[in-house]
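Structure record follows, encoded as C-alpha coordinates.
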Amino acid sequence: MSEVFTFFKGRVALYAILKSIGISSGDEVILPGFTCVVVPNAIKYTGAKPVYVDINPIDYNIDVNRIEEKINAKTKVIIAQHTFGIPADMDKIRSLTKRYNIYLVEDACHVLGSRYQGVEVGLLGDAAFFSSQWSKPITTGLGGWAVINDETLIAKMREQYGQFISPSGKEQKLIKLQYDLYNSLMTPKIFWFAQSLYRNLSNRGLLVGSSTDDELEYQMPYDYPKKMGMTQEKLLFSKLMDKDKVIAHRKKITQIYADFFPIEYDRLIKDGVDTVFLRFPLLVEDKIGILDLAKEYKVEIGDWFLSPLHPNMTGWEKVDYEKGDCPIAEEVCKHIINLPTHEKITEKEAVRIATFVKKYRGNYEYTIS
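The opening residue of the sequence shown carries number -4 in my numbering; numbering runs sequentially from there.
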(Lines of atoms letter the chains of each structure in order from A and count residues from 1; the text may use other names and numbers.)
(Lines give C-alpha, C1' and ligand atoms only; values in the text may rest on other atoms or scores of the structure.)
Protein backbone atom coordinates (compact mmCIF):
# COMPACT_ATOMS: atom_id res chain seq x y z
CA MET A 1 0.00 0.00 0.00
CA SER A 2 1.47 3.34 -1.10
CA GLU A 3 0.39 6.92 -0.53
CA VAL A 4 1.18 10.07 -2.55
CA PHE A 5 1.92 13.54 -1.14
CA THR A 6 2.41 16.57 -3.39
CA PHE A 7 4.91 19.38 -2.85
CA PHE A 8 5.98 22.72 -4.32
CA LYS A 9 9.19 21.10 -5.65
CA GLY A 10 10.68 17.61 -5.81
CA ARG A 11 13.50 18.54 -3.43
CA VAL A 12 10.91 19.52 -0.82
CA ALA A 13 9.40 16.05 -1.16
CA LEU A 14 12.83 14.60 -0.31
CA TYR A 15 13.15 16.92 2.67
CA ALA A 16 9.72 15.82 3.93
CA ILE A 17 10.67 12.15 3.52
CA LEU A 18 13.88 12.64 5.50
CA LYS A 19 12.04 14.52 8.25
CA SER A 20 9.44 11.74 8.39
CA ILE A 21 12.19 9.14 8.79
CA GLY A 22 13.55 11.25 11.64
CA ILE A 23 16.81 12.28 10.01
CA SER A 24 18.61 14.95 12.04
CA SER A 25 22.00 16.18 13.21
CA GLY A 26 24.59 13.42 13.47
CA ASP A 27 22.95 11.20 10.84
CA GLU A 28 24.43 10.39 7.44
CA VAL A 29 22.70 9.92 4.08
CA ILE A 30 24.46 8.16 1.19
CA LEU A 31 23.87 9.45 -2.36
CA PRO A 32 25.67 9.51 -5.71
CA GLY A 33 28.18 12.27 -6.36
CA PHE A 34 26.47 13.01 -9.67
CA THR A 35 23.32 14.88 -8.75
CA CYS A 36 21.66 18.27 -8.52
CA VAL A 37 22.87 20.46 -5.66
CA VAL A 38 19.31 20.67 -4.29
CA VAL A 39 19.53 17.01 -3.19
CA PRO A 40 22.44 17.37 -0.74
CA ASN A 41 20.91 20.73 0.24
CA ALA A 42 17.76 18.93 1.39
CA ILE A 43 19.90 16.56 3.44
CA LYS A 44 21.84 19.43 5.03
CA TYR A 45 18.61 21.27 5.86
CA THR A 46 17.73 18.39 8.22
CA GLY A 47 21.11 18.74 9.97
CA ALA A 48 22.45 15.48 8.51
CA LYS A 49 25.60 14.90 6.45
CA PRO A 50 25.56 13.87 2.76
CA VAL A 51 28.05 11.07 2.02
CA TYR A 52 28.93 10.72 -1.66
CA VAL A 53 29.58 7.56 -3.66
CA ASP A 54 31.11 7.64 -7.14
CA ILE A 55 29.19 6.50 -10.20
CA ASN A 56 29.46 3.58 -12.57
CA PRO A 57 30.56 5.13 -15.90
CA ILE A 58 28.50 2.56 -17.80
CA ASP A 59 25.05 3.78 -16.73
CA TYR A 60 25.87 6.96 -14.71
CA ASN A 61 24.14 5.58 -11.60
CA ILE A 62 25.65 5.05 -8.16
CA ASP A 63 28.37 2.37 -8.17
CA VAL A 64 26.80 -0.31 -5.98
CA ASN A 65 30.21 -1.88 -5.35
CA ARG A 66 31.40 1.29 -3.59
CA ILE A 67 28.43 1.80 -1.25
CA GLU A 68 29.19 -0.61 1.58
CA GLU A 69 32.53 1.01 2.42
CA LYS A 70 30.66 4.25 3.19
CA ILE A 71 28.15 2.65 5.59
CA ASN A 72 28.67 3.11 9.34
CA ALA A 73 26.63 3.41 12.51
CA LYS A 74 25.52 6.93 11.51
CA THR A 75 24.13 5.86 8.13
CA LYS A 76 20.35 6.08 8.08
CA VAL A 77 19.41 6.33 4.37
CA ILE A 78 20.69 5.40 0.91
CA ILE A 79 19.35 7.49 -1.96
CA ALA A 80 19.23 5.58 -5.25
CA GLN A 81 19.07 8.02 -8.16
CA HIS A 82 17.75 6.68 -11.48
CA THR A 83 19.86 8.95 -13.68
CA PHE A 84 18.32 10.04 -16.99
CA GLY A 85 15.51 7.52 -16.31
CA ILE A 86 17.89 4.53 -16.17
CA PRO A 87 17.02 2.39 -13.12
CA ALA A 88 19.82 1.85 -10.62
CA ASP A 89 20.84 -1.67 -9.55
CA MET A 90 18.09 -1.96 -6.98
CA ASP A 91 18.63 -5.61 -5.99
CA LYS A 92 22.13 -4.89 -4.71
CA ILE A 93 21.12 -1.64 -3.03
CA ARG A 94 18.12 -3.24 -1.33
CA SER A 95 20.28 -6.08 -0.03
CA LEU A 96 22.53 -3.51 1.66
CA THR A 97 19.65 -1.56 3.21
CA LYS A 98 18.17 -4.77 4.60
CA ARG A 99 21.51 -6.02 5.92
CA TYR A 100 22.23 -2.78 7.75
CA ASN A 101 18.61 -1.89 8.59
CA ILE A 102 18.64 1.49 6.85
CA TYR A 103 16.05 3.21 4.67
CA LEU A 104 16.05 3.13 0.87
CA VAL A 105 14.79 6.30 -0.85
CA GLU A 106 14.54 6.49 -4.64
CA ASP A 107 15.44 9.70 -6.44
CA ALA A 108 12.90 9.28 -9.24
CA CYS A 109 13.02 12.87 -10.50
CA HIS A 110 14.23 11.68 -13.93
CA VAL A 111 11.71 8.87 -14.15
CA LEU A 112 8.27 8.19 -15.52
CA GLY A 113 7.40 4.63 -16.45
CA SER A 114 10.81 2.93 -16.17
CA ARG A 115 10.54 -0.57 -14.72
CA TYR A 116 12.96 -2.76 -12.80
CA GLN A 117 12.25 -6.51 -12.81
CA GLY A 118 8.67 -5.66 -13.81
CA VAL A 119 8.08 -3.17 -10.98
CA GLU A 120 7.66 0.52 -11.75
CA VAL A 121 10.45 2.69 -10.40
CA GLY A 122 9.29 4.57 -7.31
CA LEU A 123 7.78 1.45 -5.76
CA LEU A 124 11.06 -0.32 -5.07
CA GLY A 125 12.16 1.43 -1.88
CA ASP A 126 10.63 2.66 1.35
CA ALA A 127 9.87 5.97 -0.35
CA ALA A 128 10.54 7.90 -3.57
CA PHE A 129 10.49 11.51 -4.64
CA PHE A 130 9.59 12.82 -8.09
CA SER A 131 9.78 16.19 -9.85
CA SER A 132 7.43 17.96 -12.27
CA GLN A 133 9.76 20.89 -12.91
CA TRP A 134 10.21 22.19 -16.49
CA SER A 135 12.80 19.66 -17.59
CA LYS A 136 11.31 16.56 -16.01
CA PRO A 137 9.21 13.68 -17.49
CA ILE A 138 5.96 15.61 -17.02
CA THR A 139 5.74 19.24 -16.03
CA THR A 140 3.41 21.36 -13.95
CA GLY A 141 5.83 24.27 -14.22
CA LEU A 142 7.26 23.56 -10.80
CA GLY A 143 6.29 20.78 -8.47
CA GLY A 144 7.06 17.37 -7.08
CA TRP A 145 5.60 14.52 -5.13
CA ALA A 146 6.55 11.78 -2.71
CA VAL A 147 5.42 8.16 -2.88
CA ILE A 148 5.58 6.44 0.51
CA ASN A 149 5.62 2.64 0.40
CA ASP A 150 6.25 1.89 4.09
CA GLU A 151 3.12 1.88 6.27
CA THR A 152 4.85 3.23 9.36
CA LEU A 153 6.41 5.99 7.30
CA ILE A 154 3.02 6.93 5.82
CA ALA A 155 1.69 7.87 9.25
CA LYS A 156 4.77 9.97 9.98
CA MET A 157 4.55 11.69 6.59
CA ARG A 158 0.91 12.61 7.20
CA GLU A 159 2.01 14.32 10.40
CA GLN A 160 4.87 16.15 8.64
CA TYR A 161 2.68 17.17 5.73
CA GLY A 162 0.29 19.00 8.01
CA GLN A 163 3.13 21.34 9.02
CA PHE A 164 3.92 22.44 5.46
CA ILE A 165 2.48 25.69 4.09
CA SER A 166 0.58 26.23 0.85
CA PRO A 167 1.93 28.51 -1.91
CA SER A 168 0.43 31.98 -2.08
CA GLY A 169 -2.26 32.84 -4.60
CA LYS A 170 0.24 35.03 -6.43
CA GLU A 171 2.74 32.17 -6.71
CA GLN A 172 0.10 29.82 -8.04
CA LYS A 173 -1.08 32.31 -10.66
CA LEU A 174 2.48 33.07 -11.75
CA ILE A 175 3.35 29.39 -12.11
CA LYS A 176 0.16 28.82 -14.13
CA LEU A 177 1.07 31.74 -16.41
CA GLN A 178 4.62 30.42 -16.82
CA TYR A 179 3.28 26.96 -17.64
CA ASP A 180 0.83 28.32 -20.24
CA LEU A 181 3.60 30.35 -21.90
CA TYR A 182 5.90 27.32 -21.93
CA ASN A 183 3.21 25.09 -23.34
CA SER A 184 2.20 27.45 -26.14
CA LEU A 185 5.49 29.11 -27.11
CA MET A 186 8.40 26.81 -26.25
CA THR A 187 9.96 25.02 -29.22
CA PRO A 188 13.32 23.22 -29.58
CA LYS A 189 14.73 25.95 -31.84
CA ILE A 190 14.24 28.67 -29.22
CA PHE A 191 15.48 26.44 -26.39
CA TRP A 192 18.72 28.34 -25.74
CA PHE A 193 17.07 31.76 -25.90
CA ALA A 194 14.20 30.65 -23.65
CA GLN A 195 16.56 29.07 -21.11
CA SER A 196 18.64 32.25 -20.91
CA LEU A 197 15.55 34.47 -20.64
CA TYR A 198 14.00 32.25 -17.96
CA ARG A 199 17.14 32.31 -15.82
CA ASN A 200 17.48 36.08 -16.24
CA LEU A 201 13.87 36.78 -15.25
CA SER A 202 14.08 34.31 -12.37
CA ASN A 203 17.19 36.04 -11.03
CA ARG A 204 15.31 39.36 -11.13
CA GLY A 205 12.36 37.89 -9.24
CA LEU A 206 9.96 38.27 -12.18
CA LEU A 207 9.38 34.52 -12.49
CA VAL A 208 9.22 31.65 -10.02
CA GLY A 209 12.59 30.00 -10.69
CA SER A 210 13.57 26.37 -10.30
CA SER A 211 16.22 27.29 -7.73
CA THR A 212 16.48 30.43 -5.63
CA ASP A 213 19.70 32.32 -5.00
CA ASP A 214 19.59 30.96 -1.44
CA GLU A 215 19.59 27.37 -2.64
CA LEU A 216 22.45 27.92 -5.07
CA GLU A 217 24.34 29.44 -2.12
CA TYR A 218 23.50 26.31 -0.07
CA GLN A 219 21.08 28.18 2.23
CA MET A 220 17.55 27.09 3.10
CA PRO A 221 14.88 29.52 1.79
CA TYR A 222 12.58 30.82 4.51
CA ASP A 223 9.47 29.37 2.80
CA TYR A 224 11.06 26.08 1.70
CA PRO A 225 8.65 23.56 3.39
CA LYS A 226 5.76 24.10 1.00
CA LYS A 227 2.99 21.95 -0.47
CA MET A 228 1.87 21.93 -4.08
CA GLY A 229 -0.87 24.39 -5.02
CA MET A 230 -4.31 23.17 -6.12
CA THR A 231 -3.81 24.27 -9.75
CA GLN A 232 -0.49 22.43 -9.96
CA GLU A 233 -1.97 19.35 -8.29
CA LYS A 234 -4.93 19.16 -10.65
CA LEU A 235 -2.61 19.44 -13.65
CA LEU A 236 -0.24 16.83 -12.22
CA PHE A 237 -2.87 14.14 -11.74
CA SER A 238 -4.35 14.88 -15.16
CA LYS A 239 -0.95 14.31 -16.74
CA LEU A 240 -0.27 11.17 -14.73
CA MET A 241 -3.54 9.72 -16.01
CA ASP A 242 -2.26 10.29 -19.55
CA LYS A 243 1.32 9.13 -18.96
CA ASP A 244 1.19 6.23 -21.44
CA LYS A 245 1.30 8.72 -24.32
CA VAL A 246 4.29 10.47 -22.79
CA ILE A 247 6.11 7.16 -22.36
CA ALA A 248 5.34 6.03 -25.91
CA HIS A 249 6.64 9.30 -27.35
CA ARG A 250 9.88 9.21 -25.36
CA LYS A 251 10.50 5.63 -26.47
CA LYS A 252 9.91 6.56 -30.11
CA ILE A 253 12.39 9.44 -29.94
CA THR A 254 14.91 7.31 -28.04
CA GLN A 255 14.82 4.71 -30.80
CA ILE A 256 15.95 7.36 -33.28
CA TYR A 257 18.94 8.17 -31.07
CA ALA A 258 19.59 4.43 -30.67
CA ASP A 259 19.80 4.07 -34.44
CA PHE A 260 22.42 6.85 -34.59
CA PHE A 261 24.35 5.70 -31.51
CA PRO A 262 23.83 1.91 -31.22
CA ILE A 263 26.94 1.20 -29.15
CA GLU A 264 25.97 3.74 -26.47
CA TYR A 265 22.35 2.57 -26.48
CA ASP A 266 23.27 -1.11 -26.08
CA ARG A 267 25.57 -0.22 -23.18
CA LEU A 268 22.70 1.47 -21.33
CA ILE A 269 20.15 -1.31 -21.79
CA LYS A 270 20.10 -4.05 -19.12
CA ASP A 271 18.30 -7.38 -18.76
CA GLY A 272 15.12 -7.14 -16.72
CA VAL A 273 15.02 -3.35 -17.02
CA ASP A 274 12.66 -1.28 -19.15
CA THR A 275 14.13 2.21 -19.40
CA VAL A 276 12.11 5.26 -20.40
CA PHE A 277 14.80 7.84 -21.09
CA LEU A 278 14.19 11.36 -19.83
CA ARG A 279 17.35 12.29 -21.75
CA PHE A 280 19.71 10.18 -23.83
CA PRO A 281 23.28 10.60 -22.48
CA LEU A 282 26.39 10.75 -24.64
CA LEU A 283 30.05 11.51 -24.00
CA VAL A 284 31.71 14.07 -26.28
CA GLU A 285 35.29 15.19 -26.75
CA ASP A 286 34.70 18.95 -26.36
CA LYS A 287 31.63 19.59 -24.24
CA ILE A 288 31.93 23.39 -24.17
CA GLY A 289 32.59 23.51 -27.89
CA ILE A 290 29.61 21.39 -28.92
CA LEU A 291 27.27 23.28 -26.58
CA ASP A 292 28.43 26.59 -28.08
CA LEU A 293 27.83 25.25 -31.57
CA ALA A 294 24.41 23.96 -30.54
CA LYS A 295 23.44 27.48 -29.42
CA GLU A 296 24.67 28.88 -32.73
CA TYR A 297 22.73 26.35 -34.82
CA LYS A 298 19.68 26.37 -32.49
CA VAL A 299 19.96 22.68 -31.65
CA GLU A 300 18.52 21.63 -28.28
CA ILE A 301 21.10 19.73 -26.23
CA GLY A 302 21.27 19.41 -22.44
CA ASP A 303 24.37 20.08 -20.34
CA TRP A 304 23.54 17.80 -17.37
CA PHE A 305 25.77 17.44 -15.40
CA LEU A 306 28.12 20.41 -15.28
CA SER A 307 29.53 19.19 -11.98
CA PRO A 308 28.96 16.46 -9.38
CA LEU A 309 26.63 19.01 -7.72
CA HIS A 310 24.93 20.46 -10.80
CA PRO A 311 24.90 23.35 -11.66
CA ASN A 312 27.31 24.63 -8.98
CA MET A 313 30.98 24.76 -9.92
CA THR A 314 32.20 26.04 -6.53
CA GLY A 315 31.34 25.90 -2.85
CA TRP A 316 30.99 22.11 -2.79
CA GLU A 317 32.52 21.91 0.67
CA LYS A 318 29.38 23.59 2.06
CA VAL A 319 27.54 20.32 1.44
CA ASP A 320 30.48 18.14 2.49
CA TYR A 321 31.85 17.39 -0.99
CA GLU A 322 35.59 17.75 -1.55
CA LYS A 323 37.10 17.77 -5.02
CA GLY A 324 38.33 14.27 -5.77
CA ASP A 325 35.61 12.52 -3.72
CA CYS A 326 34.07 11.09 -6.91
CA PRO A 327 36.75 11.18 -9.62
CA ILE A 328 34.77 9.23 -12.21
CA ALA A 329 31.79 11.57 -11.86
CA GLU A 330 34.06 14.61 -12.06
CA GLU A 331 35.65 13.34 -15.28
CA VAL A 332 32.30 12.38 -16.82
CA CYS A 333 30.91 15.85 -16.07
CA LYS A 334 33.56 17.34 -18.36
CA HIS A 335 32.31 15.30 -21.33
CA ILE A 336 28.65 14.36 -20.90
CA ILE A 337 25.74 15.91 -22.79
CA ASN A 338 22.20 14.64 -23.27
CA LEU A 339 19.63 14.58 -26.03
CA PRO A 340 16.00 15.51 -25.27
CA THR A 341 13.05 13.13 -25.65
CA HIS A 342 10.19 15.42 -24.54
CA GLU A 343 6.87 15.83 -26.33
CA LYS A 344 7.98 18.83 -28.41
CA ILE A 345 10.81 16.85 -30.01
CA THR A 346 9.40 15.51 -33.28
CA GLU A 347 10.96 12.62 -35.16
CA LYS A 348 12.32 15.11 -37.69
CA GLU A 349 13.86 17.24 -34.93
CA ALA A 350 15.37 14.16 -33.25
CA VAL A 351 17.10 13.23 -36.52
CA ARG A 352 18.39 16.82 -36.82
CA ILE A 353 19.77 16.74 -33.25
CA ALA A 354 21.37 13.32 -33.66
CA THR A 355 22.92 14.26 -37.01
CA PHE A 356 24.42 17.39 -35.48
CA VAL A 357 25.84 15.55 -32.46
CA LYS A 358 27.26 12.72 -34.54
CA LYS A 359 29.10 15.28 -36.67
CA TYR A 360 30.62 17.24 -33.79
CA ARG A 361 30.94 14.85 -30.81
CA GLY A 362 34.51 13.69 -31.51
CA ASN A 363 35.97 10.39 -30.34
CA TYR A 364 36.08 10.67 -26.54
CA GLU A 365 35.31 7.51 -24.57
CA TYR A 366 35.73 7.12 -20.82
CA THR A 367 38.22 4.37 -20.01
CA ILE A 368 38.06 2.62 -16.64
CA SER A 369 41.59 2.59 -15.24
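Backbone N, C-alpha and C fix where the C-beta goes; we use that ideal spot for every residue, glycine too.
Member of the options whose CA lies at the smallest distance from the CA of residue i
i	options	result
Y213	N307, G139, G164, C321	N307
L9	Y361, Q76, E280, A289	Q76
I74	D49, R94, R110, E101	E101
F125	H105, Y111, V114	H105
P82	D175, V268, L91	V268
M225	T270, I133, I160	I160
W299	Y156, N333, L288, G284	N333
L91	R110, N67, P322, E210	N67
P322	R347, G117, Y361, T70	Y361
I97	G108, K65, F79, L176	K65
L172	I143, G136, E146	G136
K234	T134, L26, D281, N36	T134
R94	A349, K168, K71, L176	K71
Q250	I264, M223, D239, D237	I264
T41	Y260, R153, S20, P257	S20
V24	Y55, I62, E(-2), D58	I62
M(-4)	A122, I340, A11	A122
K343	A324, M152, Y55, P183	P183
P216	M223, T207, I348	T207
D209	I12, A37, T30, D254	A37
Y111	D86, L99, S127, K131	D86
A141	T1, E154, K39, T30	T1
V294	F351, M223, V241	F351
I12	P335, P220, T336, K329	P220
R153	S191, L176, S179, K222	K222
Q167	L176, K44, Q227, F188	Q227
Y359	K329, R347, Y260, I170	K329
L26	E338, D320, V327	D320
R245	P335, Y260, Q158, S179	P335
Continuous alpha helix (DSSP H) stretch holding residue i: start and end
i	result
A289	282 to 292
L148	146 to 156
Element boundaries [beta strand (DSSP E), containing residue i]
i	result
V46	44 to 48
K71	70 to 76
E23	23 to 27
E101	98 to 102
P82	Looking at the DSSP string, P82 is not in any beta strand (DSSP E), and its letter there is neither H nor E.
P276	274 to 278
Bridge partner(s) assigned by DSSP for residue i
i	result
S126	G139
P306	Its beta-bridge partners do not exist; DSSP assigns none.
R89	Its beta-bridge partners do not exist; DSSP assigns none.
F2	G139, K222
T30	L304
E115	R110
I160	K221
V268	Y111
G297	N333
I374	In the structure as shown, the chain begins at -4 and stops at 364. Residue 374 is therefore absent and cannot be evaluated.
I57	I50
Rounded Cβ spacing between residue i and residue j (contact assumed at less than 8 Å)
i	j	result
G278	I331	It is Leu, not Gly, that sits at residue 278 in the sequence shown. Indeed they touch by this definition, with Cβ atoms about 6 Å apart.
V14	G139	Checking the sequence shown, residue 14 turns out to be Lys, not Val. The pair is not a contact, with the Cβ atoms about 15 Å apart (cut-off 8 Å).
A150	Y252	With 8 Å as the limit, A150 and Y252 do not qualify as a contact, their Cβ atoms being about 44 Å apart.
G28	V48	7 Å
I53	R262	6 Å
V314	V32	7 Å
Q283	A289	The sequence as given places Ile at residue 283; Gln does not occur at that position. Going by Cβ atoms, the distance from I283 to A289 rounds to 11 Å, so no, they are not a contact pair.
Y316	L304	6 Å
L271	G113	Per the sequence shown, residue 271 should be read as Val rather than Leu. In fact, because the Cβ distance is near 14 Å, the residues do not count as touching under 8 Å.
M275	K353	Before going on, a small fix: residue 275 reads as Phe here, not Met. The pair is not a contact, with the Cβ atoms about 13 Å apart (cut-off 8 Å).
I340	I248	5 Å
E325	I143	Actually they do not touch by this definition, with Cβ atoms about 34 Å apart.
V59	I16	So it is not a contact: roughly 21 Å between Cβ atoms.
L99	G120	4 Å
R356	E291	So it is not a contact: roughly 16 Å between Cβ atoms.
Below-7 Å beta-carbon distance, residue i vs any chain C residue
i	result
N358	Of the protein chains in this structure there is only one, and it is not chain C.
Please give me, in chain order, every unbroken run of the alpha helix (DSSP H) with length at least 4 that falls completely inside the segment 181 to 266. Runs found: 186 to 198, 208 to 211, 225 to 236, 238 to 255, 257 to 263.
Inside the segment 308 to 353 only - beta strand (DSSP E) runs reaching at least 3 residues: If only uninterrupted beta strand (DSSP E) runs of at least 3 residues are considered, those enclosed by the segment 308 to 353 are 331 to 335.
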